[in-house]
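Student: Counting in the working numbering, the sequence shown runs from 4 upward without gaps.
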Amino acid sequence: MTRAPAPLQPLSALQYRVGLAVVGRVGGDDALGRRSDTVDKPGPRWFTSTDPVWRVHDDAAMFSSGVTALLLQSLHPLAMAGVAGHSGYKSDPWGRLQRTSDYIGRTTFGTIDDAEAMIARVRSVHDRVRGKDFRGRPYRAGDPRLLEWVHVAEIWSFLAGHRAYGIDPLTPTEQDRYVEQSGHAAAKLGVLDPPTTVAGLEAAIDSFRPELEVSPAAVEAAHFLLEDPPLQWWARPAYGLLAAGGLAILQPWAAQMLGLRQPRGGRARGRIGVAAVRWGLAGVHGSRVPGPTE
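1. Between the beta-carbon of H79 and the beta-carbon of L250, is there less than 8 Å?
2. Just verifying my parser: in three-state terms, what is the DSSP assignment at T114?
3. Return the bridge partner residues of R133 from the DSSP annotation.
4. Helix, strand or coil for R48, going by three-state DSSP, please let me know.
5. Buried or exposed, going by whether 16 or more other CB atoms sit within 10 Å of the CB of G262?
6. Quick check on E230: buried or exposed, where buried means 16 or more other Cβ atoms within 10 Å of its Cβ?
7. Mapping the DSSP letters down to three states, classify S67 as helix, strand or coil.
8. Using the Cα positions of L204 and P47, report the straight-line distance between them to the nearest angstrom.
9. For the alpha helix (DSSP H) containing D179, list its first residue and its last residue.
10. Can you tell me the Cβ-Cβ gap for Q184 and V56, rounded? I've got them flagged as a contact below 8 Å.
11. Going along the chain, which unbroken runs of the alpha helix (DSSP H) with 4 or more residues stay wholly within the segment 242-278?
12. From G286, L284, V277 and V287, pick the residue whose C-alpha is nearest to that of F66; which is it?
13. Output the distance between the C-alpha atoms of A163 and E157, rounded to the nearest integer angstrom.
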C-alpha cells in the first residue's frame with residue numbers, strides 16, 4: 004500500500020508557493036516539467052553540475068543579473084532595435100523571458116542533442132529577423148557582431164551577478180572557465196571567436212563602446228524594467244529588490260548613458276531579493292543532477 008505524502012507544514016507550504024510562483028513566471032506553467040525533462044534526461048552533455056557555467060546559471064543570482072544584462076544589451080542601438088521590433092518584450096514580456104530561460108537551460112543543463120536542437124531553432128529565427136534602427140541603419144539578428152554583443156553583455160552581467168550574490172563563489176580560474184564554457188553555445192549560434200577569459204571578456208565589452216548609443220527604445224526598455232514591470236502590486240516590492248540589485252552591478256558608465264542613478268544600498272537589497280528567491284526555489288527543486296554521460 005502506497006503511503007500518502009505528508010501534508011506540507013505551513014512554512015514549507017509558503018516556501019513551495021513562493022518557489023512555484025517564481026518558476027512559473029520565469030519558465031511558464033510547465034516549467035517544473037520542462038526542467039525535469041532537461042536536467043534528468045539521460046544522455047551526454049557538454050557540462051556537469053560541477054562546471055562553472057552550470058553553477059552560475061543555476062544560481063538565484065541570475066534573477067538580478069538578468070536585469071543587468073537587459074539594461075546593458077539595450078545600449079547597442081541595432082540590437083535594441085531587433086528586440087523592440089521582434090521580441091514582443093512589451094506585449095508578451097513573460098513569454099520572452101520564458102524563451103530566454105529555456106534557451107539558457109537547454110544549452111547549459113541539457114543533453115547535447117537537445118542543446119544543438121535549441122541552437123538550430125534560434126538560428127532559424129534569427130535568419131528572419133531584420134530591419135532598421137531609429138536612425139535608419141539596417142540590422143539583422145544573425146549578424147555575428149550583434150550576436151557577439153548580446154553574448155558578451157549577457158555573460159559579463161551573469162558573472163557580475165554571481166560575484167555579488169552567488170552562493171558558490173568562483174575562483175579566478177573558474178571565472179575564466181565560465182567565460183570559456185559560455186562561449187561554446189555562442190560559437191554554435193554564430194559568434195566569431197567568443198572570449199575565453201575574464202580579461203578577454205572585459206576587452207570585448209570595451210571594444211563595443213564606440214558603437215553604443217542610447218536609443219528611444221533603450222530608454223523605454225529601462226523604464227519598463229525598472230519602473231513599470233508587468234506585475235501585480237503585491238509582487239512589485241520583491242521584484243524591486245532584484246531590480247535594484249541588478250542596477251547596482253551595472254557598469255557606472257552604462258548607467259550614466261541610460262540616465263539611471265544607481266541606488267544606495269542596491270547590493271544589499273539585491274542580496275535580500277536573491278536570498279528570498281533562493282529560499283523559494285529550494286522548496287520546489289530537487290538536488291539531484293545527472294553526470295555528463297549518464
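All C-beta atoms, glycine included, are put in the ideal place defined by N, C-alpha and C.
Tutor: The short version:
1. no
2. strand
3. In the DSSP output, where bridge partners are listed per residue, R133 has R143.
4. strand
5. exposed
6. exposed
7. Under the three-state reduction of DSSP output, S67 falls in the helix class.
8. 28 Å
9. For D179, the uninterrupted alpha helix (DSSP H) segment begins and ends at P175 to L192.
10. 4 Å
11. Taking only runs of at least 4 residues, the alpha helix (DSSP H) segments lying wholly in the segment 242-278 are 255-260.
12. V277
13. 10 Å
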